[in-house]
Structure formats: structure tokens, C-alpha cells
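Undergrad: My questions all concern the structure below.
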Amino acid sequence: MPSKGFAGRHGVMLSLIGIIATLWLAVTGKLDLYIHPRYVPFTVAMIFIAASASLAGFLTAPAGNYHPDREKPQSRLRAAGTLLLVSAAIIGLLLLPPTTLGSNAAKQRDLNVSGTLSKYQTSTLVDEDPATFNIRDWASLLRYSPGDAYFTKKTATITGFVTADKNDPTNIFYVTRFVVTCCTVDAQPVGVPVRLPNWQKLYKPDSWITVSGHFTPNPGPSSGPHLLLNSPQTAATTQPPQPYVY
1256 MPSKGFAGRH
1266 GVMLSLIGII
1276 ATLWLAVTGK
1286 LDLYIHPRYV
1296 PFTVAMIFIA
1306 ASASLAGFLT
1316 APAGNYHPDR
1326 EKPQSRLRAA
1336 GTLLLVSAAI
1346 IGLLLLPPTT
1356 LGSNAAKQRD
1366 LNVSGTLSKY
1376 QTSTLVDEDP
1386 ATFNIRDWAS
1396 LLRYSPGDAY
1406 FTKKTATITG
1416 FVTADKNDPT
1426 NIFYVTRFVV
1436 TCCTVDAQPV
1446 GVPVRLPNWQ
1456 KLYKPDSWIT
1466 VSGHFTPNPG
1476 PSSGPHLLLN
1486 SPQTAATTQP
1496 PQPYVY
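Next up, the structure:
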């Protein structure tokens, strides 16, 4: 059963576990998987302040009068539940690897809406070298199309994870990534459509791939994307250290 020193301090201990987990993520460079890199220094500074306050609270919190012989069954159950909660927090925050957003999250959010560049920002891409474009740039150009002629003979090379198209999942998928402006809670998906009939035989949803090809009009239903990469070169790859776009 929990000792006298543990009694009354489990809340502070949970706070300390969260603080340690956040600092560990910052040191290992994985805090970027949760927040925008520009907020990492501020977050770490706030964590140190919170750590000082939590440590002071832990040292000064009253332990209470602990008498095992007087302890009620309900109190024992409460203490056991608290210990289980602390153990779960340690496993979840410190031992399990952080996960990234994938196709399931992309399906629950609007693709190529909030995550793309603004119409003005997209218009400035027209005069730039397409070889420098990332997946967000291409997704923005497809949304605010400067005209089909612009895409003629231009090669797009992009990397992302596979998300099935809602209207034609057998033939079309999106190479997708999430754009993070503050943290992953507000992350928005962007993607480029790819036509590759029976693509499920080659790739599963959430698989990371690199795609290279030219844009052509969609030969499928009119409800699908107007332009897409039609039967491009594809290659399986691993998730990059930085899977998000900022």
C-alpha cells in the first residue's frame, strides 16, 4: 500500500511526471511532434518554472496522519487507484514512443482547406522554381489553380503518408502531411492526389511514400480532383524525423 510519504502528494507527483516527460521530449528533439518548433524555447522555460513550483509543493505537502490499522477499505481502493494512475502516467508519458497524426486524423479534418497557403502567398509561387516546392506548395497551387497550362510538363516530387480518397478510394489516394501552426491539436492536413488503380496492393493507408510525376486531368468521375499525378513513380520510404510541415 502507499506509504505515508506518498499520501496526499499524488497530484504533485503526476505534475512532476508530466514535467519530466516534456523535458525528455525537448532534450530528445521530439517535442516538435507536439508543438511548433518556435514554441519549444518558451515551453521549456515555462516547464522549469512549473517544475520549481511542483517540487516545492511536493516537499511541503502535508503527508497526513497515516494509520494502516485504521485505514478503511474505501481508502485502500482510492490509494490503489492513485498508484495505478501514477504508474499509467509513467508508462504513457515516459516509456511509450510518441505517435504522429495519420490518415484517420486526416479523414476527420478538411483536406487542403486551412492548411494551405493563402491565395496571395500561392500566387507568388508561380514565378518560383517548382523544384523547391514542398507538398504544401503543390497542394496550395492545386487549390488556387493558376490554370491547367501552368502544370504542363512540371514535375512534382513529394513525400508523405497515404490517405485514401473519399470519392474514389480504389483508384486515387492522397500523399498527405499535416501543417502545424501552433500544436498538433490544430494541425490541418494537406495533400496531393495520385491516381494509381488498385494502389492498395502496393501500399497501405499511413504508409510513407515518395511520389514523382506530372499532373494530368483526372480521367475519373467529375466529383474527384480536377488535376492529379497520374501513375507516377512511387517508392516506399520511412517516416522522416520531422513528419510535419511548418
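Reminder that position 130 of the sequence shown reads as 1385 in my numbering, one-by-one numbering, no gaps.
Here a beta-carbon is modelled for each residue, glycine too, at the ideal position from N, C-alpha and C.
Distance check for GLN1455 and ILE1464, CA to CA, integer angstroms please.
TA: Going by the C-alpha atoms only, they are around 13 Å apart.
Undergrad: Output needed for PHE1433: all residues of its chain with C-beta closer than 6 Å, excluding positions within five of it in sequence on either side, in chain order.
TA: Only LEU1356, ALA1442, PRO1444, TYR1499 meet the Cβ criterion.
Undergrad: Would VAL1417 pass as an interface residue toward chain D - the criterion being a Cβ-Cβ separation below 8 Å?
TA: Among the protein chains of the structure shown there is no chain D, as only one such chain exists.
Undergrad: Quick check on the DSSP output: what are the complete alpha helix (DSSP H) runs of length 4 or more inside the region 1365-1393, in order along the chain?
TA: Whole alpha helix (DSSP H) segments, 4+ residues: 1374-1378.
Undergrad: If we count the other Cβ atoms within 10 Å of its Cβ and call it buried at 16 or more, is LEU1457 buried or exposed?
TA: So LEU1457 counts as exposed.
Undergrad: Using beta-carbon positions only, say whether THR1436 and ARG1398 come within less than 8 Å of one another.
TA: No; because the gap between Cβ atoms is not below 8 Å, this pair is not in contact.
Undergrad: Pull up the distance between the alpha-carbon of THR1283 and that of THR1471, whole angstroms please.
TA: One C-alpha to the other measures close to 42 Å.
Undergrad: Quick one: Cα of ALA1386 to Cα of ALA1411, how far?
TA: ALA1386 and ALA1411: Cα-Cα distance of roughly 7 Å.
Undergrad: Just how far apart, CA to CA, sit LEU1380 and HIS1481?
TA: Cα to Cα, LEU1380 sits roughly 20 Å from HIS1481.
Undergrad: Span of the alpha helix (DSSP H) holding ALA1361?
TA: Where ALA1361 is concerned, the enclosing alpha helix (DSSP H) stretches over 1358-1362.
Undergrad: Using the three-state DSSP reduction, which class does TYR1321 fall into: helix, strand or coil?
TA: Note that TYR1321 has pLDDT 49, beneath the 50 cutoff, so the model's placement of it is unreliable and the number below is only indicative. Here TYR1321 sits in coil by DSSP.
Undergrad: If the criterion is Cβ atoms closer than 8 Å, does the pair LEU1483 and VAL1466 meet it?
TA: No, the Cβ-Cβ distance between LEU1483 and VAL1466 is not below 8 Å.
Undergrad: Let me confirm a value: ILE1302 is counted as buried when at least 16 other C-beta atoms fall within 10 Å, else exposed. Which label applies?
TA: Buried, because 16 or more other Cβ atoms sit within 10 Å of the Cβ of ILE1302.
Undergrad: First and last residue of the beta strand (DSSP E) that includes ALA1491?
TA: Element bounds for ALA1491: 1488-1491.
Undergrad: Of all the options GLY1475, GLN1376, TYR1501, HIS1469, which has the alpha carbon lying nearest to the alpha carbon of SER1486?
TA: Selected option, being the one with the closest Cα: HIS1469.
Undergrad: Is the beta carbon of VAL1417 less than 8 Å from the beta carbon of PRO1448?
TA: Not in contact: VAL1417 and PRO1448 (Cβ atoms no closer than 8 Å).
Undergrad: So, helix, strand or coil for THR1471, using DSSP?
TA: Of the three classes helix, strand and coil, the one that applies to THR1471 here is strand, per DSSP.
Undergrad: Can you name, in chain order, every residue of its own chain whose Cβ lies under 7 Å from the Cβ of THR1492, other than the five neighbours on each side?
TA: Taken in chain order, the residues that qualify are THR1414, TRP1463, ILE1464, THR1465.
Undergrad: Among LEU1451, THR1489, GLN1494, whose alpha-carbon lies nearest the alpha-carbon of ASN1473?
TA: The shortest Cα separation from ASN1473 among LEU1451, THR1489, GLN1494 belongs to LEU1451.
Undergrad: Compute the Euclidean distance between the alpha carbons of ASP1365 and THR1315, then round it to the nearest angstrom.
TA: Cα to Cα, the separation comes out at about 49 Å.
Undergrad: Cα-Cα, which of GLY1479, ALA1490, PRO1424, ALA1281 is closest to SER1358?
TA: With distances taken between Cα atoms, SER1358 lies closest to PRO1424.
Undergrad: Report all residues from its chain with a CB closer than 8 Å to the CB of LEU1310; omit the five preceding and five following residues, and keep chain order.
TA: So the list reads LEU1271, once near-sequence residues are dropped.
Undergrad: Please report how far the alpha carbon of THR1489 lies from the alpha carbon of VAL1430, in whole angstroms.
TA: Whole-angstrom Cα-Cα distance: 11 Å.
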